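Structure, as structure tokens:
Numbering (our numbering), first residue to last: 279 to 723.
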């Protein structure tokens, strides 16, 4: 008797997800999904579990009593041919990491200790004391592991990374292995010794945080004496020919100050400035009413970002200039309707974040989404085999039931396609409050 063939739908590539009673087959390759009826869902589950056509037929007959074996086999064959036609299916088992993008960039929080206590910080209340900080020996082992995975881009941040007494030794480790090193700092602790280390170990870029053009603007958000010391540090970096980019988080404190911040950045001689939105995590969740800008403020920021880009060109970047470009390019009156599939971004798709306590997250913005811990597993195993991290490689489904007032809006793809953390946190407790929402359709002229 001829053995019934076994077919495999790669469970590292495909995922069945239910949303509001509807089943979807999601593809991590194409970032697309198809809606499944009851029969096709049974077939997909069988393919994902490597069942034979005969076995899947019996599963169908249990549910649909009017089906015969022959009809059930025909249904399965038709569905498989559809998958094959679109190259969605393979007879052979594939290696775990074959279809996962190679690790290309790691952001590494080498300490959670900080000398400031910024209201928008992702690190939340962990920043005052160094807690469960990775040892230099562990960092050395991780650096070698990252290098062996083929990744040569490392971004060191904190907390405030310059607070580590062995910061120069950490730079030496990554420099010796040939990494392209970037450092994120609040720039308040820059010294001649730090400058010397940055030059010696060939740091390629320093991102310095600056949230105002004066102490009166910056310090309500970042703390007393943070402005002058940051400006002094940036001047020292620029004078030493170390490339610097300023990062500005736009809040109620500074939304009306962006033009002056950009002028100051130009005067300081940095390579550029990024204007970014508040991310919903850490301290920001405690201070949303203090820092999150209103719809009216946001529209002013978008307008200012456009004017600054026209004036300074690529010197200006960040989430606000990018959003304004998307809005201006959205000339079609066609709307997108739900269900909306949000494709993955860089999180877990070539990028990872390692926290100072050893936990790994898909990126630094998704700070609390732990997908593994380097004290318990190798970085390779976490990146390629973690079930949780794999969920970030599939499209995310948002339905009309989640955000009913957005259905049919022509700006849906502007608001939700791109940065994965936005749809990840929305819908959620933070953004379900209408007072915190910015509706482009109601506000953009």
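Positions of the beta carbon are idealized from the N, C-alpha and C atoms, including for glycine. It should be emphasised that the depicted structure is a prediction, and the values quoted were computed from it without experimental measurement.
Asked, Found
"Mapping the DSSP letters down to three states, classify residue 298 as helix, strand or coil.", "coil"
"Please identify the residue among 479, 546, 494 and 617 whose C-alpha is closest to the C-alpha of residue 517.", "546"
"Provide the residue(s) that pair with residue 458 in DSSP beta bridges, ordered along the chain.", "431"
"Counting pairs of Cβ atoms below 8 angstroms between the region 462–471 and the region 482–497, do you hit three or more?", "yes"
"Residue 533 by DSSP, collapsed to three states: which one?", "coil"
"Looking at the unbroken alpha helix (DSSP H) that takes in residue 465, where does it start and where does it end?", "No alpha helix (DSSP H) holds residue 465; DSSP gives it neither H nor E."
"Restricting to Cα atoms, I'd like to know which of 685, 617, 667 and 662 is closest to residue 298.", "617"
"Here's the rule: buried if 16 or more other CB atoms are within 10 angstroms of the residue's CB, otherwise exposed. What is residue 315?", "exposed"
"Using beta-carbon positions only, say whether residue 520 and residue 548 come within less than 8 angstroms of one another.", "no"
"Just the C-alpha distance for residue 475 and residue 604, rounded to the nearest angstrom, thanks.", "40 angstroms"
"Quick test of your reading: residue 479 and residue 450, contact by CB under 8 angstroms. State the CB separation rounded to the nearest angstrom.", "6 angstroms"
"In the structure shown, what three-state DSSP assignment does residue 446 receive?", "helix"
"Would you check if the distance between the CB atom of residue 328 and the CB atom of residue 301 is smaller than 8 angstroms?", "no"
"Could you give the DSSP three-state label for residue 587: helix, strand or coil?", "helix"
"Taking the alpha carbon of residue 418 as the reference point, which residue from 654, 388, 441 and 567 has its own alpha carbon closest?", "388"
"Applying the 10 Å Cβ sphere with the 16-neighbour rule, what's the burial state of residue 348?", "exposed"
"Along the chain, where does the beta strand (DSSP E) that runs through residue 505 open and close?", "No beta strand (DSSP E) contains residue 505, which is instead part of the alpha helix (DSSP H) from 504–517."
"For residue 341, count the other beta carbons within 10 Å of its own beta carbon; 16 or more makes it buried, fewer makes it exposed. Which is it?", "exposed"
"For residue 456 and residue 578, what's the separation of their Cα atoms in angstroms?", "43 angstroms"
"Skipping 5 residues on each side, what residues in its chain have a beta carbon closer than 8 angstroms to that of residue 447?", "414"
"Candidates 383, 471, 635 and 350: which alpha carbon is nearest residue 626's?", "383"
"Determine, using beta carbons only, whether residue 378 and residue 637 come nearer to each other than 8 angstroms.", "no"
"Hey, could you find the ends of the beta strand (DSSP E) residue 619 is sitting in?", "618–620"
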